[in-house]
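See structure below.
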Amino acid sequence: MAENRTFTMIKPDATAAGNTGAITKMIEEAGFRIVAMKKVQLSAELAGKFYEIHKARPFYGELCAYMSSGPIVPMILEKENAVEDFRKLIGATDPKKAAPGTIRALFAKSIDANAIHGSDSDENAALEGNFFFSQFERF
Ligand code: UDP
Ligand code: MG
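Here the sequence shown is numbered in this note's numbering, starting from 27 and rising by one per residue.
Rendered as structure tokens:
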């Protein structure tokens, strides 16, 4: 079961630009079922906790400031081969390198404000989903 789920967040640049609906439509049309979804704004401290894994990287401070700068839309998604297929749907971290037609190619503004998150493993998908959602918010 776990390997059929991934976790995503529509990031502040994309919610602010009014792209929540367009991005969610692409996700559903690509065959992902929305298991959980809400709109929230993180404090810088909570963003720091979520991105703890990147603590040593030079962009960590800016990443936490950016991810707490506005509302985000976290979701748990279900599909066969969810983690890998979702990374393909969103494209490379840097939108300049993202394949045409991917969510980041279409909606990301820059390598930091890059519209959307996608978990990089089944293990992180489970951890990240648990960070945002209780068992009563999954359908
Ligand atoms: N990021 C950044 N500068 C970089 C690399 C990453 O600001 O040089 C930000 C960007 O928002 C990215 C996030 O940090 O989505 C996490 O980085 P990661 O390498 O995990 O990229 P992702 O898995 O999101 O493609
Ligand atoms: Mg990552």
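Cβ atoms here follow ideal geometry from the backbone N, Cα and C, with glycine treated the same way.
Exercise. Taking the C-alpha atoms as reference points, what is the distance between Thr32 and Glu106?
Worked result: Here residue 32 is taken as the residue at index 6 of the sequence shown, counted from 1. Here residue 106 is taken as the residue at index 80 of the sequence shown, counted from 1. So the two alpha carbons sit approximately 10 Å from each other.
Problem set entry | Straight-line gap, Lys37 to Phe165 (C-alpha atoms, nearest Å) | Position 11 of the sequence shown, counted from the first residue, corresponds to residue 37. Position 139 of the sequence shown, counted from the first residue, corresponds to residue 165. Their backbone Cα atoms lie some 23 Å apart in a straight line.
Problem set entry | Cβ-Cβ separation, Ala108 to Cys90 (assumed contact under 8 Å), whole Å | Here residue 90 refers to the residue found at position 64 when the sequence shown is read from its first residue. Here residue 108 refers to the residue found at position 82 when the sequence shown is read from its first residue. About 26 Å; that fails the 8 Å criterion.
Problem set entry | Pro38, DSSP secondary structure in three states | Residue numbering aside, residue 38 sits at position 12 when the sequence shown is read from its first letter. Judged by DSSP in its simplified three-state form, Pro38 adopts helix.
For this session: Below 8 Å on the Cβ atoms is my guess for Ala141 versus Ile79; work out the distance and round it to an integer in Å.
Result: Translated into positions along the sequence shown, residue 141 becomes position 115. Translated into positions along the sequence shown, residue 79 becomes position 53. With a contact defined as Cβ atoms closer than 8 Å, Ala141 and Ile79 miss out at about 20 Å.
Exercise. Which whole-angstrom value is the C-beta distance of Asp148 and Glu29, which I expect to be below 8 Å?
Worked result: Here residue 148 corresponds to residue number 122 of the sequence shown, with the count starting at 1. Here residue 29 corresponds to residue number 3 of the sequence shown, with the count starting at 1. So it is a contact: roughly 5 Å between Cβ atoms.
For this session: Put Leu153 into one of helix, strand or coil per three-state DSSP.
Result: Numbered from its first residue, the sequence shown carries residue 153 at position 127. Residue state, collapsed to three classes: helix.
For this session: Within 10 angstroms of the Cβ of Arg83, are there 16 or more other Cβ atoms? Answer buried if so, exposed if not.
Result: Here residue 83 corresponds to residue number 57 of the sequence shown, with the count starting at 1. Exposed, by the Cβ-count rule.
Exercise. Residue range of the beta strand (DSSP E) that Arg59 falls in?
Worked result: Counted from its first residue, the sequence shown places residue 59 at position 33. Where Arg59 is concerned, the enclosing beta strand (DSSP E) stretches over Arg59 to Met63.
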